[in-house]
Each structure stands twice: as structure tokens, then as C-alpha cells.
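Worksheet: one structure, shown below.
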Amino acid sequence: MRRRATDFRRPVRRRVPDALWWALCCAVILLFVYILSKGNKIESRPALSKRTYQHDKIMEGLNITEEMLNSNSVTRQLNDQISLAKAFVVIAKESNNLQFAWELSAQIHNSQTLLSNAATRRVPLTTRETERAIHDMALLLYQAQQLHYDSATMIMRFKAKIQALEEQMNSVTEKSSKYGQIAAEEVPKSLYCLGVRLTTEWFKNFNLQKKLKDKRQVEMKLKDNNLYHFCVFSDNIIATSVVVNSTAMNSKNPNMIVFHLVTDEINYAAMKAWFAMNDFRGVTVEVQKFEDFTWLNASYVPVLKQLQDSEIQSYYFSGNSDDGRTPIKFRNPKYLSMLNHLRFYIPEVFPALKKVVFLDDDVVVQKDLSGLFTIDLNGNVNGAVETCMETFHRYHKYLNYSHPLIRAHFDPDACGWAFGMNVFDLVEWRKKNVTGIYHYWQEKNVDRTLWKLGTLPPGLLTFYGLTEPLDPSWHVLGFGYTNVDAQLIERGAVLHFNGNSKPWLKIGIEKYKPLWEKYVEYSHPLLQQCNFH
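Note that our numbering has the sequence shown beginning at -19, numbered continuously upward.
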């Protein structure tokens, strides 16, 4: 085989010894380890500094010194004793052991003085300085343990105390409710006086009677469906007067307003006298008494039939039928008053009328109400403001949904509404026989298992599916029991003092009384004689 020329031969490779390679590798590894260790030292410094800074901040915030963190520190021992002693002072006072509480407080003061002096001179306390204070406090703390001031015993005692306080609170709440209800049902002396004086005036002043009889044009107005007809059923003269006066004062056309007032035999003469001797800007006022309604008898009216039952009489008037288990507000005889239930007989009371606005006697009017008579009720019977902004005013809060009749016929989440300012379409009322519906539910509730209180629950049943919601500004409630938003008061057409705190009573809410009182003419001679103020 022929050889290449010397110039064209491959150069000979020089091999690097293995030992040199191993040396280089070790050097690189050592260098890498050195760099890593340097980095850890650099990184650890800020972390350590940060921990130290946080520690200093905690010490400063809690006013803790290094000496107090020492497990053998007398300062720390004193502070622990003081904390425990303060707890025992409270317990001793609760146990009516005032002497022991005073001894603990005195020793706490001594220990705190020692700590204060040490802090002032910036020198830690010594065992010799604190020996006496620690010894005396230890004796007192031991005495506290002997008196069973330990945590477990005190927890049991506090539980018993809380239970006793709860029972006491329930008793006070029940009494408050009873006394509040009694105060709400009270007839003020001034109102009683006014009734007596007006009755006397009516029978001795024939001019008043003649004045009422001479108004022949009134007869035409009472049946004119082109006018604005309002009805109020009440035995409260001054409250009814405020309703009429406030409506007249805020009306654009008072001469088109007709008020139909229905009262009882006792207040009939007084009511006629008051509205005969006072003028309300030309408003027409008719006064009747329900005893004159011959159709209002026990054979037709379930409430009157119930009043003849001895058990019902016992429930409402004796208060002895269920050992006081039923709250007093449910047993108020006013809920059987015909003046209260007459709202379900409006078509019979006013057979010639087609539309009427019903007002309670505890409202005050501050806007023109003529707009109510142009509202389209869309075939419904009752126009009312709904009150279901809160869950409290849903149907399930008024009715007994454990009863199958209620459960089968009514949605528990249906929206409640308010009596007190209602627009009634009497044509639709008669067509749908709404009074018959009311009679049906009253007869079903003879044992009071469907509802217990008042006229609103039967109203919710009677007008279920027959109620047209009105704008909330037409009827603002709550002035007799709660705070009302100032903007609602400003916009409200009818303000309702529903609740126990009526504006004519001493228990009325003071800040709302002026809304009602500005429609009372306190300068009237009879009001002054009866000490109205």
C-alpha cells in the first residue's frame, strides 16, 4: 500500500492525562459550592434583620421588656398575679363579697406601684423588693380558690345568673306589654270630658239640631257619585275631627268632599254636636250610629253571633280561659267591636255609593286625596298600599298555616297590605259578594284557629286576589310604634299612627305628635274647658 507524503499526514493527537481532568472537575465543584455558601449568607442577613425588626415592633406595641420575657422574672410573676387578681375582683363583686374584693384591689394597687417605680428608675425589680408583694398576693389568690372562684365553678354560676336574668327580662317584657296595652286602651279624661260637654250642648242647644236639619242640600250630596266620598267608623271625636280637618285643609276642592261618619249610641249626640258647631272649609259631614242599621243583627253578622257565645265572652272579657297563655293584645274586646268590623259592610252602610275611600281614625292627611278616585283598580275591589317590603308582612305572619284550610287556599308568601287608607269599588264588591266571603271565613274561625288578632287577617282572606296595589306614598305607616324615614313623611299623603302610641295619648311618640296636633284647634272653648293641650 502506498504511503502519503509527509506533508499530507494527519497530526498526532496528544492525550491529556486523566489526573489533570479530575483536578479540573474538583476545582469547578469547589468553586460552585463556595458561590452557593456566599449567597446563603447574603440572603440570610435580611431575613434575620426582618425577624428582629418584627420582634422589636411586637415588644414596643405590647410594652413588653426583655426582663418580662424571662421565665424567672419577678416582674412577669407580678404581672401574672395582677391579671388573675383583677378577674377575681369582678367575681368577688358578683358574689357580693365586697370585703374580699377590696383586699384584692388594695394588693393589686401595691403590686402596680412596685412595677411603676421600677419603670421610672429603669432598673429591673429584684426578688428582695417583690418578695413581700408576691407572697401577699399568692395568699389572696389561694383564698380565692378556696372560695370556689375557679373558672369551672364561675362558669356554672354565670350560666345560672344569665338564666335568672332572662326569666326576669321576660317577666318585665310581659308586664310592659300589658301596661302598654292598658295605656293604649285608656280614654283620656280630656276626651271623656269633651264627650260629656258636647252631649249636654246637643240636647240643650236646639239651634245646633235645627242647623243640622236645615241642610237639605246635604241629602243630595250624600248620594252624588260625582263627589269624593270618605267614610270613618269611630267613637273618638277629636281623632275623627283631625281626619276631617286635615283632609279639608289639604284639599283643592273641599266643597266636593263628603264625609260619612259612623259612631255608636254613646257618642252619637256628641259627634253630631261637634260637626254641627264647626265648619271644615265647606266639607259635607254626615253622622250615623250603627245601632240604627236594622240589618246589623246576630242572624246576619257572625261577630255578633259569636258575642252571644259564653266561651267567647269568657275569652275576651274574663281573661281566665287559658291561664294567661294568650297575650293580652289578642284578647282585646275592641276586636269584637262593630265599629271595627263595619268596614266589611260598607256597601250595606252606603247602598247608593259606587266608590268610597275608607280612613281609620288614627290617620292624618297632608296631601290632596282627589287623585284616589281616578285610580283604575283593574276590576279589583280593594285599592291598598302593600306592606311586604319586609318578610314580617307576608301572609304567613298573620295566618295559621298549620290549618289545612289556610294552607290549601292561600300562598304563605303573598304580600300583605294595610287597612287605614283603602279605596273600595263598591260596584265590584257587590258583584263579587265580598261580604259573603268575609262571613264564610269568620264562621270558619269560630274557634280562633285560623287567626287570633284583629280585622287585618280576615281582611287578607276576604280580599285575597281582589286587591290592587297603590303607590306607597299614598299611605305611610308606623307613626304609632317605630321610626319613619323623613323622606317618606315628606312624600306621604296619609300618615298612619298605627300601633299603641296614639298621638292623643301620653304614650304617643313626641317627635310625631306635631304632625297630628297642628290640625287640632286648641283655642276652641270646649277644648280649653276640657284641658286639651
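By construction, the Cβ of each residue, glycine as well, lies at the ideal position given by its N, Cα and C atoms.
Buried or exposed for Ser503, please, with buried defined as at least 16 other CB atoms from any protein chain shown within 10 angstroms of its CB. The sequence position of residue 503 within the sequence shown is 523, counting from 1. Ser503 sits exposed, since fewer than 16 C-beta atoms from the chains shown fall within 10 Å of its C-beta.
Who are Trp275's beta bridge partners in DSSP? Walking along the sequence shown from the start, residue 275 turns up at place 295. According to DSSP, Trp275 bridges with nothing at all.
Determine the DSSP secondary structure at Ile88, reduced to helix, strand or coil. Within the sequence shown, residue 88 is the residue found at index 108, counting from 1. Ile88: helix per DSSP, three-state reduction.
Buried or exposed, going by whether 16 or more other CB atoms sit within 10 Å of the CB of Val263? As a first step, residue 263 must be located in the sequence shown, where it is residue number 283. It is buried - the Cβ of Val263 has at least 16 other Cβ atoms within 10 Å.
May I have the straight-line CA-CA distance separating Ile218 from Ile71, to the nearest angstrom? As a first step, residue 218 must be located in the sequence shown, where it is residue number 238. As a first step, residue 71 must be located in the sequence shown, where it is residue number 91. Distance between the alpha carbons of Ile218 and Ile71 is about 57 Å.
With distance defined between alpha-carbon atoms, name the residue in Thr367, Leu441 and Phe399 nearest to Asn380. Taking the first residue of the sequence shown as position 1, residue 380 is located at position 400. When only C-alpha atoms are compared, the closest one is Leu441.
Write down every uninterrupted run of the beta strand (DSSP E) in the region 327 to 371 whose length is 3 residues or greater and which is fully enclosed by it, in chain order. If only uninterrupted beta strand (DSSP E) runs of at least 3 residues are considered, those enclosed by the region 327 to 371 are 335 to 339, 343 to 345 and 362 to 364.
Does DSSP classify Thr227 as helix, strand or coil? One-based indexing of the sequence shown puts residue 227 at position 247. Correct three-state label for Thr227: helix.
Considering only the alpha carbon of each residue, which of Pro452, Phe399 and Thr243 lies closest to Asn478? Within the sequence shown, numbered from 1, the residue matching residue 478 stands at position 498. Answer by Cα proximity: Phe399.
Could you spell out where the alpha helix (DSSP H) holding Thr180 opens and where it closes? Here residue 180 refers to the residue found at position 200 of the sequence shown. Start and end: Lys169 to Lys184.
Counting C-beta neighbours from all protein chains within 10 Å, is the total for Gly363 16 or more, i.e. buried, or is it exposed? As a working mapping, residue 363 is identified with position 383 in the sequence shown. By the neighbour-count rule (16 or more Cβ atoms within 10 Å), Gly363 is buried.
State the start and end residues of the unbroken beta strand (DSSP E) segment that holds Val419. For this step, residue 419 is matched to residue 439 along the sequence shown. Note that residue 419 corresponds to His in the displayed sequence, not to Val. No beta strand (DSSP E) holds His419; the alpha helix (DSSP H) holding it covers Val414 to Lys424.
Grab the span of the alpha helix (DSSP H) containing Lys493 for me, first residue to last. Mapped onto the sequence shown, residue 493 falls at position 513. Its alpha helix (DSSP H) spans residues Lys493 to Glu497.
Going by the CB atoms, is the gap between Asp272 and Asp244 shorter than 7 Å? For this step, residue 244 is matched to residue 264 along the sequence shown. For this step, residue 272 is matched to residue 292 along the sequence shown. Taking 7 Å as the Cβ cut-off, Asp244 and Asp272 do not qualify as a contacting pair.
Using the DSSP secondary-structure output, state which residues sit across from Glu111 in a beta bridge. Taking the sequence shown and counting its residues from 1, the one referred to as residue 111 is at position 131. None; Glu111 has no bridge partner.
For Ala27, which residues in the same chain have their Cβ closer than 7 Å to its Cβ, ignoring the five residues on either side in sequence? Indexing the sequence shown from 1 puts residue 27 at position 47. Any reading at Ala27 must be qualified, since the residue scores a pLDDT of 45, below 50, and its modelled position is unreliable; the value itself is stated next. Excluding sequence neighbours, Ala27 sits near nothing in its chain.
When we look at the beta-carbon of Thr93 and count the other beta-carbons within 10 Å, is it buried (16 or more) or exposed? In the sequence shown, the residue the question calls residue 93 occupies position 113. Flag for Thr93 reads exposed.
Check Cys581 in the structure and name its three-state DSSP category. Summary: the structure shown does not reach residue 581, with the chain confined to residues -19 through 513, and so no result is reported for it.
What is the residue span of the beta strand (DSSP E) that Thr243 lies within? By one-based count along the sequence shown, residue 243 stands at place 263. Note, Thr243: beta strand (DSSP E), Ile237 to Thr243.
What's the C-alpha gap between Asn59 and Ile114? Position 79 of the sequence shown, counted from the first residue, corresponds to residue 59. Position 134 of the sequence shown, counted from the first residue, corresponds to residue 114. Ile114 has its alpha-carbon roughly 10 Å from the corresponding atom of Asn59.
Can you tell me whether DSSP reads Arg261 as helix, strand or coil? By 1-based counting over the sequence shown, the position of residue 261 is 281. Correct three-state label for Arg261: coil.
In the DSSP assignment, what are the bridge partners of Trp431? Position 451 of the sequence shown, counted from the first residue, corresponds to residue 431. Within the DSSP secondary-structure output, Trp431 pairs in no beta bridge.
Backbone CA spacing between Asn76 and Glu154 [nearest angstrom]: Translated into positions along the sequence shown, residue 76 becomes position 96. Translated into positions along the sequence shown, residue 154 becomes position 174. Here the alpha carbon of Asn76 sits roughly 29 Å from the alpha carbon of Glu154.
Give the straight-line distance between the Cα atoms of Pro(-9) and Leu4, rounded to the nearest whole angstrom. For the purposes of this step, residue -9 is identified with residue 11 of the sequence shown, where counting begins at 1. For the purposes of this step, residue 4 is identified with residue 24 of the sequence shown, where counting begins at 1. Reliability fails at Pro(-9), whose pLDDT of 49 lies under 50, so the model's placement of it is uncertain and no value is given.
What is the C-beta distance between Val238 and Lys269, in whole angstroms, given that I count them as a contact (C-beta under 8 Å)? As a working note, residue 238 is residue 258 in the sequence shown. As a working note, residue 269 is residue 289 in the sequence shown. The distance from the Cβ of Val238 to that of Lys269 is about 18 Å, inconsistent with a contact at the 8 Å cut-off.
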